[in-house]
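S.K.: Sending over a structure as structure tokens; questions will come in a sec.
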Amino acid sequence: MRIISNSYIKTKLKRLQQIESYTIGESTETLARRLGLLPAEIVKLNFNENLFLPKKNLAEIIKLVADECDLRIYPQEEQNKLKESISNQLKVPFDSIVVGNASDELIDRISRLFLEKGEIAVSITPTFPVFKYCAKRQGANYLTIPLLDDFQLNIKQLLASFSNKTSLLYLCSPNNPTGNQFNKTEIETLINKFPGIVMLDEAYAEYAEYSLVSKVNDFENLIILRTFSKAFGLAALRLGYALTNSTLTNILTEKSPLPFPVSSFTLNMGQKLLENFSIVSKSVEELKMEREKLIKKLNQINGIKAFNSQANFVLFAADKPYELVYQALLNKGLLIKKIGKISHLDNCLRTTVGLPWMNEKLIETLKKIFR
Numbered sequence: 038m039r040i041i042s043n044s045y046i047k048t049k050l051k052r053l054q055q056i057e058s059y060t061i062g063e064s065t066e067t068l069a070r071r072l073g074l075l076p077a078e079i080v081k082l083n084f085n086e087n088l089f090l091p092k093k094n095l096a097e098i099i100k101l102v103a104d105e106c107d108l109r110i111y112p113q114e115e116q117n118k119l120k121e122s123i124s125n126q127l128k129v130p131f132d133s134i135v136v137g138n139a140s141d142e143l144i145d146r147i148s149r150l151f152l153e154k155g156e157i158a159v160s161i162t163p164t165f166p167v168f169k170y171c172a173k174r175q176g177a178n179y180l181t182i183p184l185l186d187d188f189q190l191n192i193k194q195l196l197a198s199f200s201n202k203t204s205l206l207y208l209c210s211p212n213n214p215t216g217n218q219f220n221k222t223e224i225e226t227l228i229n230k231f232p233g234i235v236m237l238d239e240a241y242a243e244y245a246e247y248s249l250v251s252k253v254n255d256f257e258n259l260i261i262l263r264t265f266s267k268a269f270g271l272a273a274l275r276l277g278y279a280l281t282n283s284t285l286t287n288i289l290t291e292k293s294p295l296p297f298p299v300s301s302f303t304l305n306m307g308q309k310l311l312e313n314f315s316i317v318s319k320s321v322e323e324l325k326m327e328r329e330k331l332i333k334k335l336n337q338i339n340g341i342k343a344f345n346s347q348a349n350f351v352l353f354a355a356d357k358p359y360e361l362v363y364q365a366l367l368n369k370g371l372l373i374k375k376i377g378k379i380s381h382l383d384n385c386l387r388t389t390v391g392l393p394w395m396n397e398k399l400i401e402t403l404k405k406i407f408r
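Counting from 38, one number per residue, gives the positions in the sequence shown under the numbering used here.
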């Protein structure tokens, strides 16, 4: 690594190195080499990807898109076509849709536009951490309210935290990593009472009992985030969208720092999957059935408590140190997500709902760890 002598650059680098950021972790190939395994021997259950959507179906759509897409031209018409498909699918107005480079980019964009230094960003803990990093980078104060012991919102504390300095509220429902969907009435109360913008992240809504999409125009301060990375199986392409009223749509579109945040190819893939939504919905139903089986089997292991989920992952608590459980699984090629302490639970971990054979390997390995 080169040693920097320029004092201005050194000062800037020191400040930048102090900024918190999302840690992705090792790639499957790097991990396999470290463990002395083949990449195919790693069962990847840490990123909540939809493995139930058949790869062959995506390959067929890729071929169609490759034939139709002219990559020499900037993506303008493709974005409008995708928005039309989203509008038809969700029964929302065309002018309520903002397309982005997955939910992460939209969280970052909204934070840049609606948060200023010294203002307060409000969220819950635990939850998806990207908003925290975006808020802090803006120089905002990041305030979190812990969930109740049943993982529901502490509505009283949240309402008490609101002031004329609270500019942005982030809620993820179903929540990552707990997997539960928050009470609908309580969410609507928070939207009505919050003085600033409310971001409602519905990344896992396809697996859940309800969505607030139909009410997006009932509130002047609500922005709903959706993604193609989960149920739609396009995690590698980075595609998402926001739903809000037309006034906020104009701001999010016209004041975006990136004129073309999503490629033509990606936009076309999203549109084609919406046109073939039956393969998505089939995979969602298959995953939901497997999710219930996985929760039941986890709860049959003495020393594990698995929690009900409205997402494509399951949170479970162990009576052994979570680091020990994580490492024991990793040594067998099973990669899940370390969570740690949540409320009164000290040793929590999260696993994607994998294909049946993946979940079976997870269960059998856990049985050996906990016997």
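Just so you know, even glycine gets a beta-carbon here, dropped at the ideal spot from N, CA and C.
What is the DSSP secondary structure of K267, reduced to helix, strand or coil?
M.R.: coil
S.K.: Candidates E86, G277 and N87: which alpha carbon is nearest I144's?
M.R.: G277
S.K.: Output the boundary residues of the alpha helix (DSSP H) element that contains F302.
M.R.: S301 to E312
S.K.: Candidates F168, I161, Y170 and A177: which alpha carbon is nearest D186's?
M.R.: I161
S.K.: What are the uninterrupted segments assigned as beta strand (DSSP E) that are 3 or more residues long and contained completely in the stretch 138 to 166, given in chain order?
M.R.: 157 to 162
S.K.: Taking one C-beta from the stretch 50 to 63 and one from the stretch 281 to 294 each time, how about it: are there three or more such pairs within less than 8 Å?
M.R.: no
S.K.: At the level of alpha carbons, what is the spacing between A358 and Y247?
M.R.: The displayed chain sequence assigns Pro, not Ala, to residue 358. The straight-line gap from Cα to Cα measures roughly 35 Å.
S.K.: Alpha carbon to alpha carbon, how far is D132 from L285?
M.R.: 10 Å
S.K.: Report buried or exposed for L295, applying the criterion of at least 16 other Cβ atoms within 10 angstroms of its Cβ.
M.R.: exposed
S.K.: Inspect the CB distances between the stretch 200 to 209 and the stretch 79 to 95 and report whether three or more fall short of 8 Å.
M.R.: no
S.K.: Can we say the stretch 345 to 360 touches the stretch 209 to 219, given the rule of at least three CB pairs closer than 8 Å?
M.R.: Contact holds: three or more Cβ-Cβ distances are below 8 Å.
S.K.: Thinking C-alpha only, which one of I379, A158 and F353 is nearest Q175?
M.R.: A158
S.K.: Check Y111 in the structure and name its three-state DSSP category.
M.R.: coil
S.K.: Can you tell me whether L262 is helix, strand or coil according to DSSP?
M.R.: strand
S.K.: On the CB-based measure, 16 or more other CB atoms within 10 Å of its CB, does R109 come out buried or exposed?
M.R.: exposed
S.K.: My output table needs one value for I338: the three-state DSSP class, helix, strand or coil.
M.R.: coil
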